[in-house]
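Everything below concerns the one structure shown next.
Chains as they are written, first to last, in my numbering: chain U, 1 to 548; chain B, 1001 to 1548.
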């Protein structure tokens, strides 16, 4: 009997109900639809265990209503400082405040607000950032002091490592981009005050991230917060005359505005590498994917794809562009995480529309501002499974990475094999759920650690959403998808690839090859529940435990 | 003791409570904040009498939640016919369905849907159109047959005349553009199914009114319906490949799509005259307004204004452009009802942004599609007093007309002096509420009927929102505004105008002059309540009675 891949003899658990319920460190755990043991009660509420990749039917029939913003038209929205905004919004101990991450590792807003909450002696705050980066590592001190006691949002880097040591009483809740927006819309999360950095706004709060010295691109990630928070405060370093055009965020979702000296450093929007890899192993993977797409007739006129940042993804973007050019055809649209490589495809006429959820460089920001075919969307439009019209569901193909993949095709992007929680979910589940053909690209090993596992340390994306795993030595097709059409398509593609001389392996063979290339890292799992991974529908997919 | 300006001896009423409550034809009427007698209970619900022009605080703290559009991503939104859409949405007797009027007198959607409801034998339908025009006169037959039993929306022309004869049991409820959007958002109206014509959409329902052979311009008026109706059905005659860009209406607000041969004739968007008046009387009024604005330093760099259609308004637009050019200055923005005259101001660089609620000609549609400084907004952003960020509140000046004005500056745009209900409210209340300086332009008489009255037949816009009434013989300033700054500004402007030789009159003098120029039409008021006029906040401003 295993919990998270380890015998129960190794850890402090006791069987409560036969085969489904366990106690670990007094936390009741229940097995979910993917065989992971997850808590039912955390973060101050009840949460259903994950059922299956199709997602559950929403438990609520309607969105939470946003507060009508009754306001005397003669009353100004301008407030002199963050301190005044905190007072005006009546923030007290125990409240929930939210932030967005468009400025990524260049953001100053989160620190400014939390520092001020600390100065005012406010405690026990729950924060709901879309994502935190190394620039926010000072929050560790605010956690130690009790200013922050709960976090629901993506953790990247230092803060994740710290959380993995078990410092917070309540587990961090991780959601995908769309899962977070859905949770806010459906009332899973109630935000008292959203503090949202915008690079440009007018006195009524009409705003965008396209102009001003701290411009960062689209405003997709902050829209759910602005609309559904009880109070929305914009923090800006560029107040312009009414009207601020284009209106990415309407002032109808804004209560107050504070002008500060700087909301952040836009160079911080660069995430990871923005250079195309010259690593031969990675280029092998990229070319292998394109060859599979070619054989499967995916590279055709009117195709669509999801792109991102990171060496392989950038290489794929550029190389796919080359193939489109060579075939003299055009993709209908690409969705990003946008970079200069995607922008150049748009400008060269190789894609019809570039759809933007977040910008990873200044070329993308400029293009989004100036090119009418470069279009900003909300997270709801991007991927929310309950929104009824997503861009991800229209994607022919997507390329995702992972820290680990297992023999059931489950993908981990959150933890490393040593158990440390070092990454958010991002759009991983969103894209895998939506796109018609999902490639997972991973190296066989990283620093000697085999990346194909018997069982991933943490399930981020259920294997049922994955179609093909590609490594530098070969690829494995998932033919266990429950939808017959997809299963058949994957089987056909597998046969074609075999005929065309690809090194097609079963996922078990791939695991054996991976295992033989290195040595599985030993993990020292502690007893403290430090995080839960939610699926896009809000069910609990996996538990993350402390690292001893 | 008077009811609606007539002695109670003339009509069938009895005093129920002293001075405030009356019975007329068994309908309980209560006097409101402007001295009009209005019903408390109509349209299936309770409604508060009008309090004052500032508007009441919303009775609900949150918007009604829209139904989450859970949908299998493999399930198509396409339906083969309106008949199928009616079945799929489960429309039964007594339900509420809504429409928008962007195609105005060219619309075919309302008739197609109601004809089909009739064919299916469905009865007792409440319709919530934004506005109906002569093209919809066949609805008279559907009312006679019992298919439609209730209407809440603007009536123009033939249908209004028919309603005035007292054919409907329940009174029609008239709301301003923003009042309607507010009522939907706050749950005053619950829409079962919205049938919304769009000139272009993709298979997920992303839509606009800018492309396709039936293009009509912005989608501002249909947004509240799409978002808050239990089911939203798009009717289009141009289905395009995904994605339909620009996205004026997101597919996240759409359940089903029906492709028909034609949604209407775009030439029908022309409303009233689109020619600048050459009537000397009207040109006198237009020039008088511009001279007042000049004296009051309203025509300055960065000014903003509301424009519209109709002879005087078009003349004002053109002549204001001439003055801006002469002074070598630029308006920051103008809000329309857009026409080619406004578009040419935008293209000549005389206004920074053109903000579009509805397009009145094809030049406007083209400009909105092609010019990034021509911007589409929702009705919520346009004027909803509870949205917290409206364009109308930022307008320096607006020019409105009326069928009657009275000595308390109240304006009637709904009924003629004979009592017939022939026009909707449109944005009259919205603009008067928001804009800083509101001119009302009326001739002294129309066909011998004095237009300045002792008491208007129907109050559409409370006099407290009006600043200056301009006729061809002179102008009257309202110095009774409760806000001291506005009162003072109007007094100062009045003095300046007197000094500069304008024929400044009191409103009572203007009434005497008007009365002396003609003969007040005698109205034969019946006993049936045929309509109520709601203020922007949902309170009841006035009652409209049948015409004998």
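Even glycine gets a Cβ: it sits at the ideal position worked out from N, Cα and C.
- Cβ neighbours of residue 500(U) within its own chain (closer than 6 Å, five residues either side excluded): 295.
- At least one CB of chain B lies nearer than 8 Å to the CB of residue 205(U).
- Only those residues of the region 1379-1398 of chain B whose C-beta falls short of 8 Å from the nearest C-beta of chain U are listed: 1380, 1381, 1384, 1385, 1386, 1387, 1388, 1389, 1390, 1391, 1393, 1394.
- DSSP places residue 49(U) in the strand class (E or B) of the three-state scheme.
- Listed in chain order, the non-local C-beta contacts of residue 303(U) below 6 Å within the same chain comprise 331, 396, local neighbours out to five positions each way being set aside.
- Taking the Cβ atoms as the reference, residue 171(U) lies roughly 5 Å from residue 532(U), within the contact range of under 8 Å.
- No Cβ-Cβ contact shorter than 8 Å links residue 1257(B) with residue 1103(B).
- For the pair residue 1351(B) and residue 1334(B), the Cα-to-Cα distance works out to about 7 Å.
- For the 8 Å CB-CB criterion, residue 1196(B) and residue 1247(B) do not form a contact.
- Nearest CB-CB separation between residue 333(U) and chain B: below the 8 Å threshold.
- At least 8 Å separates the CB of residue 462(U) from every CB of chain B.
- Judged by DSSP in its simplified three-state form, residue 1374(B) adopts strand.
- Chain U places no beta carbon closer than 8 Å to that of residue 1236(B), leaving this residue out of the contacts.
- Counting the other Cβ atoms within 10 Å of the Cβ of residue 1431(B) gives 16 or more, which makes it buried.
- Its Cα nearest to that of residue 1198(B), the residue 1210(B) stands out among 1192(B), 1204(B), 1189(B), 1210(B).
- Taking 8 Å as the CB threshold, residue 1208(B) stays off the interface with chain U.
- For residue 218(U), there are no C-beta contacts with chain B under 7 Å, since the nearest C-beta of that chain is about 13 Å from it.
- In summary, residue 520(U) is exposed, with fewer than 16 beta-carbon neighbours lying within 10 Å of its beta-carbon over all protein chains present.
- Residue pairing by DSSP places residue 1275(B) in no beta bridge whatsoever.
- Across the structure, residue 1452(B) and residue 1086(B) are spaced so that their CA atoms are roughly 48 Å apart.
- Residues of chain B with a Cβ closer than 9 Å to the Cβ of residue 252(U) are, in chain order, 1378, 1380, 1381, 1384, 1387, 1388, 1389, 1390.
- Of the other Cβ atoms in all chains shown, 16 or more fall within 10 Å of the Cβ of residue 108(U); this residue is therefore buried.
- Contact with chain B is found for residue 241(U), since one of that chain's Cβ atoms lies less than 8 Å from the residue's Cβ.
- The beta carbon of residue 1375(B) sits closer than 8 Å to some beta carbon of chain U.
- Around the C-beta of residue 146(U), fewer than 16 other C-beta atoms lie within 10 Å, and the residue is accordingly described as exposed.
- Annotation: residue 1205(B) to residue 1152(B) spans about 26 Å, alpha carbon to alpha carbon.
- 434: these are the residues of the region 413-440 of chain U whose beta carbon lies less than 8 Å from some beta carbon of chain B, given in chain order.
- Distances from the alpha-carbon of residue 220(U) to those of 497(U), 56(U), 356(U), 141(U) put 356(U) closest.
- DSSP places residue 320(U) inside the alpha helix (DSSP H), whose first and last residues are 311-327.
- When Cβ-Cβ separations below 8 Å define contact, residue 353(U) makes contact with chain B.
- Among the CB atoms of chain B, none fall inside 8 Å of the CB of residue 536(U).
- Residue environment for residue 1328(B): exposed (fewer than 16 other C-beta atoms within 10 angstroms of its C-beta).
- The C-beta of residue 245(U) comes closer than 8 Å to at least one C-beta of chain B.
- Out of 537(U), 415(U), 476(U), 175(U), the CA that lies nearest to the CA of residue 511(U) is found in 476(U).
- The region 310-318 of chain U makes contact with the region 267-283 of chain U, as at least three CB pairs between them are under 8 Å.
- Looking at the backbone, the Cα of residue 1228(B) and that of residue 173(U) are separated by about 30 Å.
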